[in-house]
Structure formats: C-alpha cells, structure tokens
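The opening residue of the sequence shown carries number -3 in the numbering used here; numbering runs sequentially from there.
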Amino acid sequence: MLAAEVPAVFDVEQCKADYPERSRLNQEEGDIRLSVLVTAEGKVVDVKIEKSTGFRDLDKAAVIAAARCQVVAGSKDGSAVESWTTVHYSWKL
C-alpha cells in the first residue's frame, strides 16, 4: 500500500508579492516557478528558483513573498512532514 502524501498548502492571501516599482516602470512581466521547503511546523526554510522571469527584481520579490508565507505543512499518512512544494507567480501589468 502506498503512503498517502499531501503537499504543503500556501495561504494565497499571505503570499501576495508586491510588484517592484522599478519593474513596473520598466514594464517587466513574467512567470516564475519556485521550489519551497516547508518544515513540519509550516515554516518556510528554503526557496529556490526553478524557472526565472528573466528579471532580477521580479524574481527577488517572488522569493521574498514565498519566504514570508503562512503555510500548512505537508503530510504523510496523516502526520505533518518537512517537504518541498512548488509555487508559481505571474507578474502581469
């Protein structure tokens, strides 16, 4: 029998990223995909960029937003566990 695994869940309202002013002025847009390590207590302890927007300020803002998120930890067989999960941000003006 396979173990039942549930990924970490991010509170979207807490994970909103502020559009960097310089990026707004330069009309920068893009999508970013992050890998986020969440402890069994729901704390974000690592954020890695899997796919960049191509714009440093947008990438940095997404990493900062993901790091301050309120997270419900992932679980395995009903117990909270440390796990990696994927987070996407789309920057559109």
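Built from N, CA and C at the ideal position, the CB exists for glycine as well.
In chain order, what residues of the same chain lie with their CB nearer than 7 angstroms to the CB of residue i, ignoring the 5 residues before and after it?
i, result
"Leu89", "Arg20, Gln23 and Glu25"
"Asp14", "Ala57"
"Val2", "Gly70 and Ser71"
"Cys65", "Phe6, Asp7, Gln10, Cys11 and Val40"
Anyone know if the C-beta pair for residue i and residue j falls short of 8 angstroms?
i, j, result
"Ile28", "Lys47", "yes"
"Ala62", "Val41", "no"
"Ser31", "Trp80", "yes"
Counting only the same chain and skipping the five closest in sequence on each side, list residues whose C-beta sits under 6 angstroms from that of residue i.
i, result
"Glu78", "Thr35 and Ala36"
"Arg18", "Asp53"
"Gly50", "Gly26"
Using DSSP bridges, identify the partner residues of residue i.
i, result
"Ala76", "Ser71"
"Glu9", "Answer by DSSP bridge pairing: none, since Glu9 is not bridged."
"Leu21", "DSSP, once it has assigned bridges, lists no residue as partnering Leu21."
Can you round the beta-carbon distance between residue i and residue j to whole angstroms, since I take them to be within the 8 angstroms contact cut?
i, j, result
"Gly74", "Ala4", "With 8 angstroms as the limit, Gly74 and Ala4 do not qualify as a contact, their Cβ atoms being about 15 angstroms apart."
Can you give me the Cβ contacts of residue i inside the same chain, cut-off strictly under 8 angstroms, excluding the 5 residues immediately before and after it?
i, result
"His84", "Asp27, Ile28, Arg29 and Leu30"
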